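The next block holds one structure in the form of structure tokens; read it before the comments.
Chains as they are written, first to last, in our numbering: chain E, 1 to 162; chain D, 163 to 751.
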């Protein structure tokens with residue numbers, strides 16, 4: 001991972017968040033939630049700021065970040081792809097669809113392509129079981145996705161580089 | 163205090179309310195096996211996560227087995243500690259732990275000293291019924307400490323040492339489930355982390371997951387090289403613990419046998435770090451008096467209290483955690499480094515040896531000394547003042563490898579001139595010793611009077627933070643002592659807040675001082691071993707004909723022939739150092 005320089009104004013904002021929680025180490029998880037919504041993810045540099053502000057060790061902060069699956073240290077892609085692995089989607093072949101995405105994007109679940117365009121995740125049920133298997137890209141829902149459709153879905157967004 | 167009566171293995175016991183079943187059993191002489199559990203009496207160390215389930219017992223009326231370390235005694239309780247059900251559960255727990263543990267015992271550094279291994283042997287595990295994936299992690303080979311997380315059993319003892327006792331905050335459990343590991347943040351190398359290399363994690367690790375970097379072969383290579391003159395220095399705490407590796411009772415002094423063994427191993431000269439400890443007192447004591455006198459003359463800029471700087475774990479600690487206070491510790495180098503600097507200048511010149519052909523080996527109770535020896539500021543043109551540092555444990559290993567019968571070794575004396583020391587140099591190995599040694603010299607230098615009573619019992623002891631006021635002929639000197647970095651932090655924060663009343667403070671990173679160092683023979687949780695070593699150190703001091711550093715004739719000679727006076731220009735060049743703010747930017751690969 002390359003070094004990331006955090007924007008000074010964002011760091012100031014993060015420090016404000018910590019202050020809002022009285023720089024209380026007991027509020028670490030709440031602070032991290034706020035930090036993740038601020039930055040989209042929790043890079044080491046953000047964790048370092050939080051550790052300094054709350055006066056806890058950076059190892060402790062990383063321990064918490066790496067324990068809870070909600071927290072991520074990897075920035076999401078411009079187009080975050082999520083494959084529903086809920087029961088209905090799963091029985092209708094979601095796993096094969098997911099594997100096709102992994103193969104074509106050459107990343108694992110939870111990762112982001114090096115160009116930062118796509119990230120891949122699985123989720124449980126988006127409430128559209130009638131369209132199973134379901135893939136969401138950002139806010140958009142793709143229904144009844146077959147393995148053969150995966151390539152064109154990726155192309156659709158790849159070409160959409162405004 | 164409320165008393166509670168319960169039955170353990172058919173014996174009626176009365177204990178105070180709040181006692182755990184494990185503690186109550188111990189009182190009746192029943193030893194329940196433990197693995198993750200570790201309490202070090204009279205220190206802040208208490209690791210009771212209740213995680214490993216090795217200490218389970220059967221409690222009548224309860225459906226499940228109870229972890230005795232986490233179960234408080236109740237009135238009328240009926241406990242059985244070794245029913246077939248209990249033994250079977252312990253065996254299952256052990257097999258499950260071993261199912262994700264490398265079978266490298268034959269070549270593991272920890273073999274023979276490993277709590278996991280000996281417990282598995284006690285339980286008679288001969289087969290693992292659980293097969294499956296084994297976890298793999300990123301390892302770490304720093305100059306002082308090697309991490310092999312595959313051997314970690316997640317007992318969390320190292321985390322307790324690092325966070326609760328030392329307040330260093332390097333290690334934490336990361337990730338979750340099967341992938342969890344105890345490591346520095348982002349699994350960065352210890353070298354890049356806040357680690358002080360105090361080695362207290364190594365001292366309490368029950369397996370080979372945390373061990374020292376083995377430098378013994380480097381030493382052998384130097385000895386085998388005919389072009390090199392190889393000299394060795396031994397720290398004071400080593401002689402009080404080395405015997406334990408050869409079956410001697412803790413606290414047995416083996417100074418003479420140690421010297422004899424080193425000579426047989428092939429060192430050209432066997433010297434003593436205690437000599438350099440005397441030298442440290444000359445420099446540090448003089449510096450203290452200089453600062454005190456300035457303070458007494460009303461100089462507002464003079465920094466007091468002065469902190470000792472012999473302990474490299476402590477130096478690493480303040481460089482990282484108190485970078486705003488780098489001008490408070492004494493600038494005197496540690497005895498290890500003073501020895502190296504003098505050996506490669508004064509001694510090399512005297513013997514007409516090129517410093518590059520002189521190899522200085524140190525035997526230390528310490529892992530941070532390996533780090534200290536490798537610091538770039540302690541080298542001349544890339545040639546380090548101390549080439550290799552090994553621990554007490556590594557020396558024991560070398561003696562065993564050389565097939566020396568330690569018991570049969572005759573007592574030998576150190577070589578001259580760098581092997582002569584006073585009793586003041588010896589007590590450096592115990593908490594309170596450095597400051598006592600400094601007081602013995604500073605008193606006489608300041609008052610011009612002879613100190614009749616050289617034993618300062620008020621400075622000795624095992625309490626984490628101690629203080630005493632010493633009368634310098636009408637001038638009261640307030641002295642503070644801390645051992646364990648958590649205790650050091652307390653005193654440091656007082657200074658930062660401007661509340662410290664002390665003129666001088668001695669700080670040692672490890673419990674008990676160097677006698678409890680991370681490179682010493684493993685104590686396996688028995689603090690009485692550390693106390694016996696401490697007694698041995700003071701015993702060695704009491705038996706010395708010279709008890710004050712400034713009376714060491716070889717030290718006097720060194721100043722006359724070479725250095726001039728304490729804190730002279732030459733002394734500053736060779737024997738003093740600077741400190742560096744160490745907080746590094748997070749580095750991720």
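From the three backbone atoms N, C-alpha and C, an ideal C-beta is built for every residue, glycine too.
Just so you know, these numbers come straight off a predicted model, no measurement behind them.
Beta-bridge partners of residue i, as assigned by DSSP
i, result
"residue 84 of chain E", "E:123"
"residue 242 of chain D", "D:220"
"residue 165 of chain D", "D:178"
"residue 738 of chain D", "D:494"
"residue 336 of chain D", "D:343"
"residue 640 of chain D", "D:631"
"residue 200 of chain D", "D:209"
"residue 551 of chain D", "D:524"
"residue 443 of chain D", "None; residue 443 of chain D has no bridge partner."
"residue 141 of chain E", "E:136"
"residue 469 of chain D", "D:491, D:667"
Residue i to residue j span [Cα, whole Å]
i, j, result
"residue 149 of chain E", "residue 119 of chain E", "18 Å"
"residue 764 of chain D", "residue 363 of chain D", "Since the first residue shown for chain D is 163 and the last is 751, residue 764 of chain D is missing from the structure and cannot be characterised."
"residue 2 of chain E", "residue 113 of chain E", "Note on residue 2 of chain E: pLDDT 44, under 50, position unreliable in the model; the coordinate value appears next. One C-alpha to the other measures close to 14 Å."
"residue 242 of chain D", "residue 627 of chain D", "41 Å"
"residue 49 of chain E", "residue 38 of chain E", "13 Å"
"residue 442 of chain D", "residue 418 of chain D", "24 Å"
"residue 532 of chain D", "residue 306 of chain D", "5 Å"
"residue 561 of chain D", "residue 267 of chain D", "21 Å"
"residue 257 of chain D", "residue 293 of chain D", "10 Å"
"residue 425 of chain D", "residue 390 of chain D", "15 Å"
"residue 435 of chain D", "residue 500 of chain D", "9 Å"
"residue 19 of chain E", "residue 59 of chain E", "21 Å"
"residue 276 of chain D", "residue 111 of chain E", "40 Å"
"residue 92 of chain E", "residue 76 of chain E", "27 Å"
"residue 212 of chain D", "residue 191 of chain D", "22 Å"
"residue 701 of chain D", "residue 405 of chain D", "16 Å"
"residue 183 of chain D", "residue 70 of chain E", "39 Å"
"residue 352 of chain D", "residue 334 of chain D", "12 Å"
"residue 187 of chain D", "residue 691 of chain D", "22 Å"
"residue 557 of chain D", "residue 438 of chain D", "20 Å"
Chain E within 8 Å of residue i, Cβ atoms only
i, result
"residue 760 of chain D", "With chain D running from 163 to 751 in the structure shown, residue 760 of chain D is simply not present."
"residue 504 of chain D", "no"
"residue 740 of chain D", "no"
"residue 325 of chain D", "yes"
"residue 129 of chain D", "Any property of residue 129 of chain D remains undetermined from this structure, which presents chain D solely from 163 to 751."
Test: residue i CB closer than 8 Å to a CB of chain D
i, result
"residue 58 of chain E", "yes"
"residue 44 of chain E", "yes"
Under 9 Å from the C-beta of residue i: neighbouring residues of chain E
i, result
"residue 319 of chain D", "Correct list: empty, because the minimum Cβ distance to chain E is about 16 Å."
"residue 347 of chain D", "44, 47, 48, 51, 57, 58, 59, 60, 61, 62, 63"
CB contact flag (residue i, residue j, <8 Å)
i, j, result
"residue 521 of chain D", "residue 567 of chain D", "no"
"residue 590 of chain D", "residue 608 of chain D", "no"
"residue 357 of chain D", "residue 392 of chain D", "no"
"residue 359 of chain D", "residue 580 of chain D", "no"
"residue 323 of chain D", "residue 479 of chain D", "no"
"residue 122 of chain E", "residue 82 of chain E", "yes"
"residue 229 of chain D", "residue 215 of chain D", "yes"
"residue 737 of chain D", "residue 494 of chain D", "yes"
"residue 712 of chain D", "residue 603 of chain D", "yes"
"residue 469 of chain D", "residue 667 of chain D", "yes"
"residue 600 of chain D", "residue 450 of chain D", "yes"
"residue 496 of chain D", "residue 534 of chain D", "yes"
"residue 502 of chain D", "residue 440 of chain D", "no"
Within chain D, the residues that residue i reaches when beta carbons sit closer than 9 Å
i, result
"residue 67 of chain E", "335, 336, 337, 338, 342"
Chain-ordered chain D contacts of residue i [CB-CB under 7 Å]
i, result
"residue 63 of chain E", "334, 335, 336"
CB contact check: residue i to chain C, cutoff 8 Å
i, result
"residue 330 of chain D", "As a matter of chain content, chain C is missing from the structure shown, whose protein chains are E and D."
Cβ-heavy atom distance, residue i to the ligand ATP, below 7 Å
i, result
"residue 592 of chain D", "This structure does not include the ligand ATP; it has no bound ligands of any sort."
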